[in-house]
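Each number in my numbering corresponds to the 1-based position in the sequence shown with 86 added. Heads up, the beta-carbon is just placed ideally off N, CA and C, and yes, glycines get one too. Computed from a prediction, not measured in an experiment: that's the story for all the values here.
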Amino acid sequence: MYNFVVNKGSGKRRGEEYLGQITRYCDARGIKYAVHATNAKGHAEQITRMLCESGADNVVVIGGDGTFHEALNGLVTPDRTALGFIPAGRGNDFARAAGLSLKPTEALEDILRGETKRIDYIQCSDRRCLNVAGTGMDVDVLQSVIDKKNAISYYVSLVGCLLRFKPYKVKIRANGVETEKNCIMVGVGNGVAIGGGMLVCPGAKIDDGKLDLMTAEKLDRGLLRLLPNFVKGRHDNLPELTHTAVEEVEVDNPGFPVQLDGEIYPDMQLRCKIVKGGLITYKVAADRVAE
87 MYNFVVNKGS GKRRGEEYLG QITRYCDARG IKYAVHATNA KGHAEQITRM
137 LCESGADNVV VIGGDGTFHE ALNGLVTPDR TALGFIPAGR GNDFARAAGL
187 SLKPTEALED ILRGETKRID YIQCSDRRCL NVAGTGMDVD VLQSVIDKKN
237 AISYYVSLVG CLLRFKPYKV KIRANGVETE KNCIMVGVGN GVAIGGGMLV
287 CPGAKIDDGK LDLMTAEKLD RGLLRLLPNF VKGRHDNLPE LTHTAVEEVE
337 VDNPGFPVQL DGEIYPDMQL RCKIVKGGLI TYKVAADRVA E
């Protein structure tokens, strides 16, 4: 039996629409399933934990990056319970990093084939993160678009935050070296993008046993000229950005909140390590291309 954990309100109620498509697909083929709908922030985590404790061997999440984040943190037995993902959010950044289909029945078909694989995730203090963790300007942008529902709002806010955000001094410890930088953002990527496609860690891979540590220092050149390259992941010609492959990183970010998969944690330190192959999920068909 497949255990669907669905956030019906995700992606302007795309979750509810996709659930209908998925249940009709399963009903037509006699596939057994149970539906568990979330009704509050944090509920997907509680449901996932309950399912794991009852012995479930799978949890299939229908929602966006925030719902995926909750389900990951609800896993009691990540080495035994497979976590499947059917993207239904606004940004779907992890889905793109994982190559998942954005068509719900196609994503479901990949799960139904039953071929599993192991991918990495980030352990950040006592929380898990699938995609990107960060502190600085990205959190500022997220806080400014909490009540907005479209990708354009994110990019408008990004420009505004870049114009007003003051760099701050951080200490970064990684690969046995401590550095001090004046940053506007520090990102730690298992996935590649945030904000619905802004490629902050374009070289990251979810199954290579490494994290991409990205630091963005003070921008001294023309903002609007640099921004398109930054958004599109063309970082090679931007000396303000550095990328380092790490397995662990500690960032002293006093007074600045942290975001994990787009969820904001006000009092967390950005101390991350890779958990290699720590999550069981489902293989995507070889000829499947995320849209």
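- Assignment of Cys-287 by DSSP, reduced to helix, strand and coil, places it in the coil class.
- Beta bridge pairing from DSSP links Ile-366 with Arg-204.
- Counting only residues of its own chain and dropping the five nearest sequence neighbours on each side, Leu-228 has a CB closer than 7 Å to the CB of Gln-345, Gly-348 and Ile-350.
- The continuous alpha helix (DSSP H) containing Ile-108 extends over residues 96-115.
- Closest option to Asp-206, judged by alpha-carbon separation, among Tyr-368, Val-332 and Gly-364: Gly-364.
- A straight line joining the alpha-carbon of Ala-290 with that of Gly-275 spans about 6 Å.
- Within 10 angstroms of the beta-carbon of Thr-163 lie fewer than 16 other beta-carbons, which makes it exposed.
- Inclusion of Lys-359 and Glu-326 in the CB contact set at 8 Å is not warranted, their separation being larger than that value.
- With a 10 Å radius around the Cβ and a threshold of 16 neighbouring Cβ atoms, Thr-265 comes out exposed.
- The region 145-159 and the region 90-108 touch, with no fewer than 3 CB-CB distances between them shorter than 8 Å.
- Out of Leu-161, Leu-158 and Ala-279, the CA that lies nearest to the CA of Ala-181 is found in Ala-279.
- Taking C-beta atoms as the reference points, Gly-170 and Ala-130 fail to come closer than 8 Å.
- Taking 3 residues as the shortest admissible run, the region 314-350 contains the following complete beta strand (DSSP E) segments, listed from N- to C-terminal end: 327-332, 334-338 and 344-346.
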